[in-house]
Structures are given as structure tokens and as C-alpha cells.
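This report concerns only the one structure given below.
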Amino acid sequence: MDLRIFSYLPNPRIWKATIAARLCGIDIDVIGAPPKDLPRWLWDFEAHLMTEQERKDLASSARKSRLGFGGNVLYKSDGFLDANPFGTVPTAFNPDGSIGIFESNSIMRTVARLGSDTYSLYGHDAYSASRIDGFLDASLIFARDSQLYLLSLSAGDVQGEIHKAAKQALHTYLSGLDRALSPDCPFLAGDVLSLADICAVAELALFMRELNYKQVLSEASLDLINGPEINERFPLITEHFHNLCNHEAFAPDVLPYLENLSPR
Ligand SMILES: N[C@@H](CCC(=O)N[C@@H](CS)C(=O)NCC(=O)O)C(=O)O
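Structure representation (C-alpha cells):
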């Protein structure tokens with residue numbers, strides 16, 4: 005095992021690492037459970053489902069969640085917070101658990117660095133690597149508005165302001181990605197597949213969860229942000245996304261997830 009990741013599952017943010025790992029020949033140990041079960045887990049390098057007794061004994065590790073767990077109490081060990089001071093999932097660890105890595109983009113970078121001799125995903129010099137970083141930073145800006153929007157949809161309390169911010173964020177992100185592929189660039193950061201492409205596919209697939217909340221949107225008199233007109237407006241990134249979804253390193257994660265999206 006080269007890297008351990010603890011997360012709720014499935015989580016498109018961890019595909020960034022698992023897709024890179026398939027390409028680079030890196031062995032990742034993924035531990036986790038559906039989001040609703042994680043309040044009964046100990047968040048730790050040795051993360052596991054707690055027994056009732058353990059839960060009582062670990063009362064000092066109980067902490068109120070901040071984002072994505074409905075305010076539930078989560079059991080985060082001190083070691084977990086040492087590893088990830090922000091207390092979020094996904095969190096990754098080096099093989100002996102002495103180093104924690106947080107933020108899904110940085111977890112993905114770890115895989116690329118570990119496997120760089122097998123497959124180069126992170127540029128060939130300081131300039132090309134930094135250009136890839138630019139795409140990852142732009143993705144994180146989009147991801148913040150996307151996250152707040154999806155959480156408000158799943159809580160059934162989406163409001164106009166959040167919807168507007170997410171729409172603007174998606175348009176800004178897609179117009180940059182579309183421009184990067186124009187007129188005929190094969191990949192986002194140049195001639196070869198890189199972390200920029202992997203990250204974009206994961207974040208865009210995550211946003212597609214919006215489809216699960218058509219009913220919530222119509223009750224709030226709000227439109228579907230990622231509707232068919234997006235494909236017409238941003239044709240290059242739309243095609244790139246679909247091609248990559250069917251790529252052998254992406255398909256095992258992405259296709260089952262997309263197939264399970266259903267208009268409710
Ligand atoms: N930008 C972060 C997002 C991670 C994040 O915000 N995770 C939330 C769940 S969606 C979390 O772990 N919340 C824990 C808490 O609320 O205490 C990444 O890409 O890894």
C-alpha cells in the first residue's frame with residue numbers, strides 16, 4: 005500500500021487519486037462508508053465502525069460537523085486532527101500514518117509524485133507543473149460554490165443566492181476549460197493527459213449530482229444549471245469530458261456513478 009484514503013463513499017473527489025493511481029501504478033487503500041454511516045465511524049488513520057462501548061469511551065473525540073454532515077456529531081481522533089487540521093474527508097495518509105494529506109487536489113498530487121517514473125501527469129518542468137496547478141486552483145474555486153449548492157440541494161433548502169453563485173461559478177469554470185481546449189488542444193494543459201484533466205472530470209461529474217434534485221429545484225422555481233444548453237455553449241469541454249469518462253483509467257469510477265444519477 006502506497007497511500008491510504010479515508011472518505012465517505014462514493015466520493016468523486018477521491019477519484020482524482022484513484023484515476024491517477026491506475027495510470028501511475030500506485031496502490032491505494034480506500035477506507036470508508038456511505039455518508040450517513042460516518043457519524044458512527046472513528047475518523048482516524050485506523051478508521052473503523054465503532055462499537056457502542058467505543059463510542060462512549062471516545063466521547064472526548066466527539067465534534068460537531070461543519071460541512072456536509074447535517075450538523076451531526078463526528079468522532080475525530082486527535083491523531084486525525086493532527087493529520088488533517090481542517091478535519092475534512094477525504095484525508096490521506098502515508099503508509100505508516102505519520103503524514104496526513106488533505107484537500108483532494110493535494111491527495112491526487114501525492115499519487116502523481118509517487119508514480120511519476122511510471123506515468124507523468126504533473127508536467128515536465130516548473131512551468132508546465134505550475135500551469136497544471138493553475139487549473140487545479142481554478143477547480144477549487146469552482147468546487148467551493150458547487151459544494152455549497154449541492155449541500156443545499158440535498159438539504160432541500162436551496163436559495164436563489166446559492167443557485168446564482170453556483171451558476172456563475174460553473175460558467176466561469178467551463179469557459180476557461182473550453183478556451184484551454186480551443187481550437188484543437190487535445191488536453192487541458194497541453195498535449196498530454198494531466199492532473200488538470202483528471203480534476204476537471206471529477207469536479208464536473210460531482211456537479212452532475214444536481215440531476216438528482218430536479219424536484220427540489222422545481223419546487224424552489226429554480227432552473228437546472230447544468231442543462232443541455234451548457235453542452236451547446238461549451239462544446240469542447242463537453243466532448244472532452246465524455247471522452248475521458250470512457251477512458252480505461254476513468255471509466256471504473258465515473259461510469260457507474262453517472263449511471264446511478266436519476267432525475268427525482
Ligand atoms: N475541498 C475539500 C472538500 C472537503 C470537504 O469539505 N469535506 C467535507 C464533507 S463534503 C467534510 O469532510 N466535512 C467534515 C465536517 O463537517 O466536519 C476537498 O476537495 O478535499
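If you want my numbering, it's the position in the sequence shown, counting the first as 1, plus 4.
For every residue, glycine included, the Cβ atom is placed at its ideal position computed from N, Cα and C.
Taking 8 Å as the cut-off, decide whether the C-beta atoms of residue i and residue j are in contact.
i, j, result
"Asn15", "Pro43", "no"
"Leu174", "Asn109", "no"
"Asp274", "Ala170", "Beyond the ends of the chain as shown, which are 5 and 268, falls residue 274; an answer cannot be given."
"Leu53", "Trp47", "no"
"Tyr123", "Cys249", "no"
"Leu71", "Leu155", "yes"
Using 10 angstroms around the beta-carbon of residue i, count the other beta-carbons present and answer buried if the total reaches 16, otherwise exposed.
i, result
"Arg213", "buried"
"Ile32", "buried"
"Lys1", "Because the chain is modelled from 5 through 268, residue 1 falls outside the range shown and cannot be assessed."
"Arg8", "buried"
"Leu259", "exposed"
"Ala206", "buried"
"Tyr217", "buried"
"Phe90", "exposed"
"Asn247", "exposed"
"Tyr126", "buried"
"Arg268", "Residue placement at Arg268 cannot be trusted, given a pLDDT of 45 that sits under 50; what the coordinates show is reported in the next sentence. When all chains shown are included, Arg268 counts as exposed."
"His167", "buried"
Taking the alpha-carbon of residue i as reference, which of the options has the nearest alpha-carbon?
i, options, result
"Gly83", "Asp121, Ser124, Phe49, Ala206", "Phe49"
"Ile18", "Asp41, Pro94, Ala87", "Pro94"
"Ile1", "Gly101, Pro256, Asp188", "Lying outside 5 to 268, the shown extent of the chain, residue 1 is not represented and no answer is given."
"Phe146", "Leu27, Leu210, Gly72, Tyr217", "Leu210"
"Phe245", "Gly160, Ala87, Leu178", "Leu178"
"Asp41", "Thr122, Gly74, Ser64, Ala116", "Gly74"
"Phe254", "Leu140, Asn235, Ile234, Ser198", "Ser198"
"Lys80", "Thr122, Leu27, Asn235, Ala63", "Ala63"
"Asn235", "Ala193, Lys60, Tyr12, Asp182", "Asp182"
"Met112", "Arg26, Ser222, Leu85, Ser156", "Arg26"
So residue i is in the alpha helix (DSSP H); what residue range does that whole segment cover?
i, result
"Asp149", "130–158"
"Ser222", "218–223"
"Tyr177", "164–185"
"Pro46", "The sequence shown places Leu at residue 46, rather than the Pro named in the question. Taken as a continuous stretch (DSSP letters only), Leu46 belongs to no alpha helix (DSSP H), being part of the beta strand (DSSP E) at 45–47."
Mind checking which residues open and close the beta strand (DSSP E) that includes residue i?
i, result
"Thr95", "95–97"
"Tyr261", "Tyr261 -> not in any beta strand (DSSP E); alpha helix (DSSP H) instead, spanning 255–263."
"Gly83", "Where Gly83 is concerned, there is no enclosing beta strand (DSSP E), although the alpha helix (DSSP H) it sits in stretches over 82–87."
"Lys68", "66–68"
"Ile30", "Per DSSP, Ile30 belongs to no beta strand (DSSP E) and is neither H nor E."
Residue ranges of each alpha helix (DSSP H) within the segment 195–244, 4 or longer
With a minimum length of 4 residues, the continuous alpha helix (DSSP H) runs that stay inside the segment 195–244 are 199–211, 218–223, 232–237.
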